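To start, the structure under review is shown below, and the notes come after it.
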Amino acid sequence: MTTIGSVTARVADPVEGPGRGALAPAVALPPRAERAERAEEAADRLRASAVEVVAVTWVDNAGITRVKAVPLGGLVHAAEWGVGAAPCFDVFLADDSITTSPIIGGPTGDLRLYPDLDRIVPLAAQPGWAWAPGDRHTQAGGPHPGCQRLFARRMEAAAAARGLSLKAGIEVEWVVALDGPPQEAPQYPTYGPAYGMHRLTDLSDYLRDVVRALGEQGLGVLQIHPEYAPGQFEVSVAPEGPVGAADTAVLVRHTIRAVSAKHGLRASFAPVVEPDGVGNGGHLHFSLWRDGRNLGHGGPGPHGLTAEAEGFVAGVLEALPELLVLGCSSPAGYLRLVPQRWAGAYRCWGLENREAALRLVTGSTGERAATANAEVKCFDASANPYLAVGAVLAAGLAGLEQCRSLPPEFTGDPAAAEPGTVPRLPQSPAEAIAAYERSAVLREALGDPLYQAVLAVRRAEAEQYAAVGPEELIAATRWRY
Ligand code: GLU
Ligand code: MG
Numbered sequence: 195m196t197t198i199g200s201v202t203a204r205v206a207d208p209v210e211g212p213g214r215g216a217l218a219p220a221v222a223l224p225p226r227a228e229r230a231e232r233a234e235e236a237a238d239r240l241r242a243s244a245v246e247v248v249a250v251t252w253v254d255n256a257g258i259t260r261v262k263a264v265p266l267g268g269l270v271h272a273a274e275w276g277v278g279a280a281p282c283f284d285v286f287l288a289d290d291s292i293t294t295s296p297i298i299g300g301p302t303g304d305l306r307l308y309p310d311l312d313r314i315v316p317l318a319a320q321p322g323w324a325w326a327p328g329d330r331h332t333q334a335g336g337p338h339p340g341c342q343r344l345f346a347r348r349m350e351a352a353a354a355a356r357g358l359s360l361k362a363g364i365e366v367e368w369v370v371a372l373d374g375p376p377q378e379a380p381q382y383p384t385y386g387p388a389y390g391m392h393r394l395t396d397l398s399d400y401l402r403d404v405v406r407a408l409g410e411q412g413l414g415v416l417q418i419h420p421e422y423a424p425g426q427f428e429v430s431v432a433p434e435g436p437v438g439a440a441d442t443a444v445l446v447r448h449t450i451r452a453v454s455a456k457h458g459l460r461a462s463f464a465p466v467v468e469p470d471g472v473g474n475g476g477h478l479h480f481s482l483w484r485d486g487r488n489l490g491h492g493g494p495g496p497h498g499l500t501a502e503a504e505g506f507v508a509g510v511l512e513a514l515p516e517l518l519v520l521g522c523s524s525p526a527g528y529l530r531l532v533p534q535r536w537a538g539a540y541r542c543w544g545l546e547n548r549e550a551a552l553r554l555v556t557g558s559t560g561e562r563a564a565t566a567n568a569e570v571k572c573f574d575a576s577a578n579p580y581l582a583v584g585a586v587l588a589a590g591l592a593g594l595e596q597c598r599s600l601p602p603e604f605t606g607d608p609a610a611a612e613p614g615t616v617p618r619l620p621q622s623p624a625e626a627i628a629a630y631e632r633s634a635v636l637r638e639a640l641g642d643p644l645y646q647a648v649l650a651v652r653r654a655e656a657e658q659y660a661a662v663g664p665e666e667l668i669a670a671t672r673w674r675y
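If you read the sequence shown in the working numbering, its first letter stands for residue 195, the second for the next number, and so on.
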């Protein structure tokens, strides 16, 4: 599996594609002097919060958040010149073995990771540390065509070029277990019932610390509750722009990890933690806006959708099989994506239907202009959130441009319907990969270097676990995400 060194990296400043054209400003670095000045201001603020080290993260194509950290005294240099990062991180697998792809891979080359100074924040549960998401550029200063966060930025800019913006939020579900050897079956700090107050009482201090830490980092916690599976909880935070929502998903997860460690616990965001159990979703909520108006409300379409919102949602529904490649990274995701677990295993949509891969949510009468949104339920937290939001934008915008309309709504449980009435989503990585290979929309939006790198990683992980039973797959992935 590990093929380090088989292909030489060929990542150069793009002549065409991501770095060029109308969307180039969205992915260009601001001038160096401006970056230095802003980094000095940020460093002063962080020093006042007793920060000593800054962690700069990116999320790889296997869905793993990777990091380079610099002492606070090095922040200005990092903002001016970036931090070194090997391009072959784009072809890492979740178990840290490395594959290769036609354009990106191999031991040669270097990229520069630039902290986003707009998002830098002291980490409430890691005293002395701050965190910033990073964008990756080439040594010559152009956008790295494999950078997932820059892809999300481009898609955000593509919407903005049409006068549209997306508000998004990723719900984070996790299972918390007592700390212990990773190879042993998890033991839980609570065995209280699903959604039970019992669980919240057992872990009262822990959950308060999670909420407190998220709040101190400026995140608007909307809700926290015990979920269905043993030891499972969920937190949701306020919606924001797509890149911001992806950053927030990274920050929320690592805050939960840090608070868990302080309490002698550890958190799993893996798609499945127990064989045959309900899994951890990473549902993506989105709403489409123009001129401050929610296009999911007050229109002539189903449940108040405007024509533009209907086209966008229909585009996402149409593309769900290939979107799974980006929204459900781990092969273990297909163990979660089964009927009657509220994971959205069916390719259909429905108002407040928790078994539909696309659940339409209007909210309560009176506040719908603010709350109407759609939820992609089939995604899980092994997804790279930047790829997930960027790909949903690409599929949605394609649907909007084609003026698509939604097929009839499905109400009730698709599993109880006449067999064959409602199609299932792909049931294996191979099926999703086949759909991805047919997707011109995703290929064009991602650009070939990123499209191919994602494909290589998915194929390699599919192959890695092809002959492995569910228990082994779950054990191999339980503590990776
Ligand atoms: N845990 C479920 C999943 O795997 C979702 C439960 C819910 O609807 O919140 O997606
Ligand atoms: Mg949930």
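Positions of the beta carbon are idealized from the N, C-alpha and C atoms, including for glycine. Small disclaimer: the values here were computed from a predicted structure and weren't measured.
Can you tell me whether DSSP reads residue i as helix, strand or coil?
i    : result
D238 : helix
P296 : coil
E546 : coil
W673 : coil
E678 : Residue 678 cannot be examined here, being either before or after the span of the chain that is shown, 195 to 675.
Q658 : helix
P620 : coil
F345 : helix
E428 : strand
T395 : helix
G268 : helix
P327 : strand
Y630 : helix
C358 : Per the sequence shown, the amino acid found at residue 358 is Leu instead of Cys. Of the three classes helix, strand and coil, the one that applies to L358 here is strand, per DSSP.
A379 : coil
K569 : Sequence check: residue 569 is Glu here, not Lys. Here E569 sits in strand by DSSP.
Y645 : helix
Y540 : strand
A611 : coil
A230 : helix
A551 : strand
A513 : helix
A256 : coil
A351 : helix
L263 : Looking at the sequence itself, residue 263 is Ala, so the reference to Leu does not match. A263 falls in the strand class under three-state DSSP.
What are the boundary residues of the alpha helix (DSSP H) that residue i is part of?
i    : result
Y400 : S398 to E410
T565 : R562 to T565
H338 : Run containing H338: none; DSSP gives neither H nor E here.
A532 : Checking the sequence shown, residue 532 turns out to be Val, not Ala. Here V532 belongs to no alpha helix (DSSP H), and DSSP marks it neither H nor E.
R313 : That residue, R313, is in no alpha helix (DSSP H); it is neither H nor E in DSSP.
A588 : P579 to E595
A279 : Here A279 belongs to no alpha helix (DSSP H); instead the beta strand (DSSP E) covers V277 to A279.
V285 : Element bounds for V285: n/a, residue is neither H nor E.
R637 : A634 to L640
P602 : Run containing P602: none; DSSP gives neither H nor E here.
A220 : A218 to V221
Between which two residues does the beta strand (DSSP E) holding residue i run?
i    : result
V253 : V247 to V253
Y308 : L305 to P309
V415 : V415 to P420
Would you list, in sequence order, the uninterrupted alpha helix (DSSP H) runs of no fewer than 4 residues that lie entirely inside the segment 433-506?
-> 436-456
Report yes or no: do the segment 617-624 and the segment 577-597 share at least 3 C-beta pairs separated by less than 8 Å?
-> no
Between the segment 510-530 and the segment 643-652, do at least 3 Cβ pairs fall closer than 8 Å?
-> Yes, the segment 510-530 touches the segment 643-652.
Can we say the segment 484-504 touches the segment 367-379, given the rule of at least three CB pairs closer than 8 Å?
-> no
Does the count of Cβ pairs from the segment 593-604 and the segment 540-551 closer than 8 Å reach three?
-> The segment 593-604 vs the segment 540-551: in contact.
Segment contact flag, the segment 269-285 with the segment 349-365, C-beta cutoff 8 Å, min 3 pairs | no
Check whether the segment 331-341 touches the segment 446-464, taking contact to mean three or more Cβ pairs, one atom from each stretch, closer than 8 Å.
-> no
Taking one C-beta from the segment 287-301 and one from the segment 382-400 each time, how about it: are there three or more such pairs within less than 8 Å?
-> Three or more Cβ pairs closer than 8 Å define a contact, and the segment 287-301 falls short of that threshold against the segment 382-400.
Taking 8 Å as the threshold, find out whether the segment 311-323 comes into contact with the segment 657-668 through three or more Cβ pairs.
-> no
Taking 8 Å as the threshold, find out whether the segment 430-441 comes into contact with the segment 389-397 through three or more Cβ pairs.
-> Note that the segment 430-441 does not touch the segment 389-397; fewer than 3 beta-carbon pairs, one per stretch, sit closer than 8 Å.
Sufficient close CB pairs (3 or more, under 8 Å) joining the segment 635-646 to the segment 555-562 = no
Does the count of Cβ pairs from the segment 408-418 and the segment 291-298 closer than 8 Å reach three?
-> The segment 408-418 vs the segment 291-298: no contact.
Is the segment 219-231 touching the segment 246-257 in the sense that three or more CB pairs, one from each, lie closer than 8 Å?
-> no
Do the segment 399-409 and the segment 317-325 make contact, defined as three or more Cβ pairs closer than 8 Å?
-> yes
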